[in-house]
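Novice:
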Amino acid sequence: MNELDDLLQAHLVQLEAGEPLDDALTELPDETAFILAVAAELKQVTLPEPSETAVVAHRAAAVRAAQQQAIAAPPPATGWLAALLAWWRSHQALAWGVTAVAAVLLVLFLGSLLNRGADTSATVAEQDETSPTQQEQENESTNDSLWDRLFGPDSEDFAEDTISPSAAEATDSSGTDVAAVEDDPGFRLYLPILVDPLQVGPQTAVLGDLQGVVSVQEPDGSWQQVSYLSSVVAGSRVRTGALSSASLTFFDGSVAKIGPDSELSIDTLNAQRQGEGFRTVVLSQWRGDSTHDVQFRNDGGSRYEVQSPSGTGVARGTTFHVLVLPDLTSRYSVLEGRVDVTSINVTVSVLAGQLSTILADAPPAAPVFQVNGQGEVTAIGETWAIGGQTFATHDQTVIVGNPQVGDWVTVQGHLLDDGSKVADLIVLMRELPQNLFSLTAVVTEIGPEQWSLGAVVVQVNEDTAVDPAIELDDWVRVTGVIRADGTLLAQQIQLLVVDGMPFEFTGVVQAIASELWQISGIAVAVDDSTEIKNSPAVGDIVKVEGIITPEGVWLASEIKAGDDGAAAFEFTGLVETIDPWVVAGIALVTDEWTEVDTAVVPGSLVKVEGVILPDGTWLAREIKLLDEALTDETIIRFTGILESMDPWVVNGIALIAADDAQLAEGLVVGILVEVAARLTVDGMWEIVWIRQLLPPTTGCFTVHTRVTVVNGTQITLVNWPTLTLGDDVQIEGTLVPNSIISVQICLTGDVTLVTHIVVIQIIVNVTDSGSNTGSGGNQGGDPGGRVTICHYPPGNPSARHTITVDWPAWVNAHSGHGDTLGPCP
């Protein structure tokens, strides 16, 4: 130790021996006296005794919040913090003493949070909240004094601004007022102090938006998993695992989003902002997929390039997607602007709405228009029928989730010159919901072939998953299928634990510790009763089952590796917020197909089912109220075909409609419906509500193509049948012949409904020869045509204006100066 260390140690001994602080501070330099004063204050503070459940709950919340990057990168240190950091670096030995003090402060701070959330005695609970006890007043005075002496009397404003309030007030399942648990999660205060600021500049990129397992390669070739915002530089290599994703944000504002099972390296990086110099970003994508949102540059020297094993794509201000398949086939898809794709000295210009495929050791294929959407699968094989449309498959078609006939899927593909459609990607969104039921009731009889739940009888067989802890008189939740004869076959019987809500999901393991696992963004607690099967490791896909405790802890009863099922989830919890959706601490996304009970509000108890998308996002398929659970009534929910409305029959089950039954509009025989029914005293099922389960459309698609003729309310398209436009169609831009459009179409049986048209760009004086036919990229293939562009005068981009120029002028001049195809927005 140096002289200051020896001096501090000697005065600490004196202080411990009972010497007054004022005497112990004599002859000490200011910086050492500061640390000694902190130690004296700490002696006066009594550490609270947190409950074990509160400790686990807050630890889980901190891990989850850190994983979701709930805090932004801290700003560069200024003022007293900069001085403290400078002092820290210049006094390495003494710094360890400060570290110890900081650790104690951190424990005190977390302890105070835990104490607030912990259960208090009945005596304390009965006290008037507006009249603190003498001990509370003394502790408050001591803490205020310590805070003021450390950071100054005005620092409380800083603390209030730093600690963000929690989600909306609610009441948990145990009746505890959630708002009574303090508004800050704790980690927001100490994390910025304990980490260094991110290094940000033209030669760095920020690795963030982390989902699942994300790793960065070290200089020695090893891979280091990252779980927080990080800075990466040229030479860095990033990879993602299954159900994982990340993003690279560059200094000029451009963003590269890395999809699941992907690997990408930064070859060259100098992302200078506009006006500061040319931008140069060169990336190599080795596998997987990525999406790039490139900031527009009004100069001729900037470059943003993504190389793949079979080619390369260059953009200057564009949004595009790159996919590299295992056989090294590459696919460049453009969403906005233009990308020049090159392989074997052949270049094609891919415009908005188009894609080009590059096979290994081959030139890029002529660009074709894209089509994507979702709908019901009615046929599978070499040719799929999805949402009323036929899609051919090929060797490079990727199919995720093993969808079957009757399931709902999303599809991404392209159009051929003859108008036929080819699927490039098919992803399972939800399995066929027909003939399913769920029931919450009390067990009155347990048998080898059937169980009685009050007056309801369910069948069981060797495939029925039964919680072994279930006994007579327990509340259970049963899910299963309705057989053709109307009997109920249980697929799963779960014990409803009074002190928790069940959950089940399939996700990727991100981290493993003795008490907490991180699985697809969820901090999952384990204890001695948790069964760990098949030795899961980080990066493995696992199925997890357990309960969510009243403290918000996801406690696993089983974690099993090697599950072959889809990445689905199912859990029960309280709705915290709706916009955005947060249930039981889990951030959810929804789409137009998500089924949400209309009565759901913040604070509602709901059951959520859905899938974890390939990028790790949790997409809810159903958000249903469970307020009828654990009541004296026996309520059953089931799905099936509406066979009759007089009398009411669904899947062979006869129903009666009471006066208060909620009957949705538009119900007709033959549609798929969901029913909630109560059991009456005479053994009949009485309708609580009935509604159509799925939207009335077979499927909806977004088609990119070119308009050849506009005739009143009809438009003729390349590679797609003529469309008739209704009065309610939304049209963005000027719809004229030779305009490239993005059109949204929904199909219901034989009816085609156009909902929205966006004019992407207009190309004039082209031949009507179909889709792109040459490497020049002129839609229609006429190199002597003229194009409409948005011209940005160099040095004065705000004076942009629409002009029409010859195609060679666009290719050789304007495209390199930052101008864009199509009229100015």
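This note's numbering puts the sequence shown at residues 29 to 853. The beta-carbon is built from N, C-alpha and C at its ideal position, and this holds for glycine as well. No experiment lies behind these values; they were computed from the predicted model shown.
Are the beta-carbon atoms of residue 375 and residue 369 separated by less than 8 Å?
Specialist: Here residue 375 refers to the residue found at position 347 when the sequence shown is read from its first residue. Here residue 369 refers to the residue found at position 341 when the sequence shown is read from its first residue. Their beta carbons are under 8 Å apart, which means residue 375 touches residue 369 by this criterion.
Novice: For residue 773, does the three-state DSSP call read helix, strand or coil?
Specialist: Taking the first residue of the sequence shown as position 1, residue 773 is located at position 745. Strand at residue 773.
Novice: Could you give the DSSP three-state label for residue 372: helix, strand or coil?
Specialist: Locating residue 372 in the sequence shown gives position 344, where the first residue counts as 1. Reduced to three states, the DSSP call for residue 372 is coil.
Novice: Give the secondary structure of residue 67 by DSSP, where H, G and I count as helix, E and B as strand, and everything else as coil.
Specialist: Along the sequence shown, one-based indexing puts residue 67 at 39. Of the three classes helix, strand and coil, the one that applies to residue 67 here is helix, per DSSP.
Novice: Exposed or buried, which one is residue 453 when buried takes at least 16 other CB atoms within 10 Å?
Specialist: Reading the sequence shown from its first residue, position 425 is the one you call residue 453. When all chains shown are included, residue 453 counts as buried.
Novice: What separation, rounded to the nearest whole angstrom, lies between the Cα atoms of residue 344 and residue 605?
Specialist: Within the sequence shown, numbered from 1, the residue matching residue 344 stands at position 316. Within the sequence shown, numbered from 1, the residue matching residue 605 stands at position 577. Going from the Cα of residue 344 to the Cα of residue 605 covers about 39 Å.
Novice: Check each candidate in 347, 504, 451 and 552 and name the one with the smallest Cα separation from residue 536.
Specialist: Against the sequence shown, residue 536 aligns to sequence position 508. Comparing Cα-Cα distances from residue 536 to each of 347, 504, 451 and 552, the minimum goes to 552.
Novice: Cα separation between residue 11 and residue 477?
Specialist: Lying before the first or after the last residue shown, residue 11 is absent from the chain, which here runs from 29 to 853.
Novice: In its own chain, which residues sit with a C-beta less than 6 Å from the C-beta of residue 732, not counting the 5 before and 5 after it?
Specialist: Here residue 732 refers to the residue found at position 704 of the sequence shown. Same-chain partners within the cutoff: 381, 397, 398 and 770.
Novice: Go through its chain and collect everything with a Cβ distance to residue 357's Cβ below 8 Å, but skip five positions before and after it.
Specialist: Residue numbering aside, residue 357 sits at position 329 when the sequence shown is read from its first letter. Cβ neighbours of residue 357 beyond the five flanking positions: 338, 385, 386, 387, 388 and 424.
Novice: At the level of alpha carbons, what is the spacing between residue 291 and residue 752?
Specialist: For the purposes of this step, residue 291 is taken as residue 263 along the sequence shown, with counting starting at 1. For the purposes of this step, residue 752 is taken as residue 724 along the sequence shown, with counting starting at 1. C-alpha separation (whole angstroms): 45 Å.
Novice: Give the list of continuous beta strand (DSSP E) stretches no shorter than 3 residues that lie fully inside the segment 686-727.
Specialist: Qualifying beta strand (DSSP E) stretches, in chain order: 700-707 and 713-720.
Novice: According to DSSP, is residue 270 part of a helix, a strand, or is it coil?
Specialist: Residue 270 sits at position 242 when you count from the first residue of the sequence shown. Residue state, collapsed to three classes: coil.
Novice: Restricting to Cα atoms, I'd like to know which of 427, 628 and 822 is closest to residue 327.
Specialist: Within the sequence shown, numbered from 1, the residue matching residue 327 stands at position 299. Residue 327 has its Cα closest to that of 822, out of 427, 628 and 822.
Novice: I need the boundaries of the beta strand (DSSP E) containing residue 523, first residue and last residue.
Specialist: In the sequence shown, residue 523 corresponds to position 495, counting from 1. Its beta strand (DSSP E) spans residues 516-523.
Novice: For residue 56, which residues of its own chain have a beta-carbon under 7 Å away from its beta-carbon, when the five flanking residues on both sides are left out?
Specialist: On the sequence shown, residue 56 is found 28 positions in, with the first residue counted as 1. So the list reads 35, 39 and 64, once near-sequence residues are dropped.
Novice: Can you tell me whether residue 502 is helix, strand or coil according to DSSP?
Specialist: In the sequence shown, residue 502 corresponds to position 474, counting from 1. Looking at residue 502 - three-state DSSP - the assignment turns out to be coil, as it is neither helix nor strand.
Novice: Ignoring anything shorter than 3 residues or poking outside the segment 317-384, list the beta strand (DSSP E) runs there in chain order.
Specialist: Complete beta strand (DSSP E) runs here, min 3: 331-336, 339-343, 347-352, 358-364, 366-371 and 374-379.
Novice: Below 8 Å on the Cβ atoms is my contact criterion, and I expect residue 273 with residue 240 to pass it. Report the Cβ-Cβ distance as a whole number of Å.
Specialist: Here residue 273 corresponds to residue number 245 of the sequence shown, with the count starting at 1. Here residue 240 corresponds to residue number 212 of the sequence shown, with the count starting at 1. Confirmed, about 7 Å.
Novice: Anyone know if the C-beta pair for residue 416 and residue 645 falls short of 8 Å?
Specialist: Position 388 of the sequence shown, counted from the first residue, corresponds to residue 416. Position 617 of the sequence shown, counted from the first residue, corresponds to residue 645. Result no, Cβ atoms of residue 416 and residue 645 do not sit closer than 8 Å.
Novice: In angstroms with no decimal places, state the Cα-to-Cα distance between residue 633 and residue 623.
Specialist: Position 605 of the sequence shown, counted from the first residue, corresponds to residue 633. Position 595 of the sequence shown, counted from the first residue, corresponds to residue 623. Computed Cα separation, rounded: 16 Å.
Novice: Leaving out five residues on either side along the sequence, give the residues of the same chain with a beta carbon under 6 Å from the beta carbon of residue 372.
Specialist: Translated into positions along the sequence shown, residue 372 becomes position 344. Once the five neighbours on either side are set aside, the close Cβ partners of residue 372 are 391.
Novice: Between which two residues does the alpha helix (DSSP H) carrying residue 49 extend?
Specialist: If you number the sequence shown from 1, residue 49 lands on position 21. Per DSSP, residue 49 belongs to the alpha helix (DSSP H) from 49-52.
Novice: Within its chain, find whatever has a CB closer than 7 Å to the CB of residue 692; leave out the 5 residues flanking it on each side and keep chain order.
Specialist: Position 664 of the sequence shown, counted from the start, is the residue given in the question as residue 692. 718, 719 and 720.
Novice: Under three-state DSSP, which class holds residue 111?
Specialist: The residue you call residue 111 lines up with position 83 of the sequence shown. Per-residue confidence for residue 111 stands at a pLDDT of 41, beneath the threshold of 50, marking its modelled position as unreliable; the derived number appears in the next sentence. Residue 111: helix per DSSP, three-state reduction.
Novice: In angstroms with no decimal places, state the Cα-to-Cα distance between residue 640 and residue 613.
Specialist: The residue labelled residue 640 in the question sits at position 612 within the sequence shown. The residue labelled residue 613 in the question sits at position 585 within the sequence shown. Answer to the nearest angstrom: the Cα atoms are 16 Å apart.
Novice: Using the C-alpha atoms, what's the distance from residue 238 back to residue 53?
Specialist: Along the sequence shown, read from residue 1 onward, the residue named residue 53 stands at position 25. Along the sequence shown, read from residue 1 onward, the residue named residue 238 stands at position 210. Taking the straight line joining both Cα atoms gives about 48 Å.
Novice: Cα-Cα, which of 749, 518 and 514 is closest to residue 668?
Specialist: Counted from its first residue, the sequence shown places residue 668 at position 640. Closest option to residue 668, Cα to Cα, is 514.
Novice: Since I believe residue 587 is in contact with residue 545 (beta carbons under 8 Å), could you give me their beta-carbon distance rounded to a whole number of angstroms?
Specialist: Translated into the one-based positions of the sequence shown, residue 545 becomes position 517. Translated into the one-based positions of the sequence shown, residue 587 becomes position 559. Indeed they touch by this definition, with Cβ atoms about 7 Å apart.
Novice: Is residue 230 near residue 300, with beta carbons less than 8 Å apart?
Specialist: Here residue 230 corresponds to residue number 202 of the sequence shown, with the count starting at 1. Here residue 300 corresponds to residue number 272 of the sequence shown, with the count starting at 1. Yes; because the gap between Cβ atoms is below 8 Å, this pair is in contact.
Novice: Starting from residue 394 and walking both ways along the beta strand (DSSP E), at which residues does that stretch end?
Specialist: Position 366 of the sequence shown, counted from the first residue, corresponds to residue 394. Residue 394 -> no beta strand (DSSP E), and no H or E assigned at all.
Novice: Measure the alpha-carbon distance for residue 542 versus residue 555 and round it to whole angstroms.
Specialist: Against the sequence shown, residue 542 aligns to sequence position 514. Against the sequence shown, residue 555 aligns to sequence position 527. Approximately 8 Å, taken between the alpha carbons.
Novice: Rounded to a whole number of angstroms, what is the C-alpha to C-alpha distance between residue 247 and residue 253?
Specialist: On the sequence shown, position 219 is the one that residue 247 refers to. On the sequence shown, position 225 is the one that residue 253 refers to. The straight-line gap from Cα to Cα measures roughly 14 Å.
Novice: Along the chain, which unbroken stretches of the beta strand (DSSP E) at least 3 residues long are found entirely within the segment 232-306?
Specialist: Runs of the beta strand (DSSP E) inside the segment 232-306: 232-239, 242-245, 251-254, 258-261, 265-268, 273-278, 283-286 and 291-299.
Novice: Strictly by DSSP, which residues pair up with residue 664?
Specialist: Within the sequence shown, the letter at position 636 stands for residue 664. Answer is 467 and 705.
Novice: I'd like the span of the beta strand (DSSP E) that includes residue 633, first residue to last.
Specialist: Stepping through the sequence shown from its first residue, residue 633 is reached at position 605. Element bounds for residue 633: 633-640.
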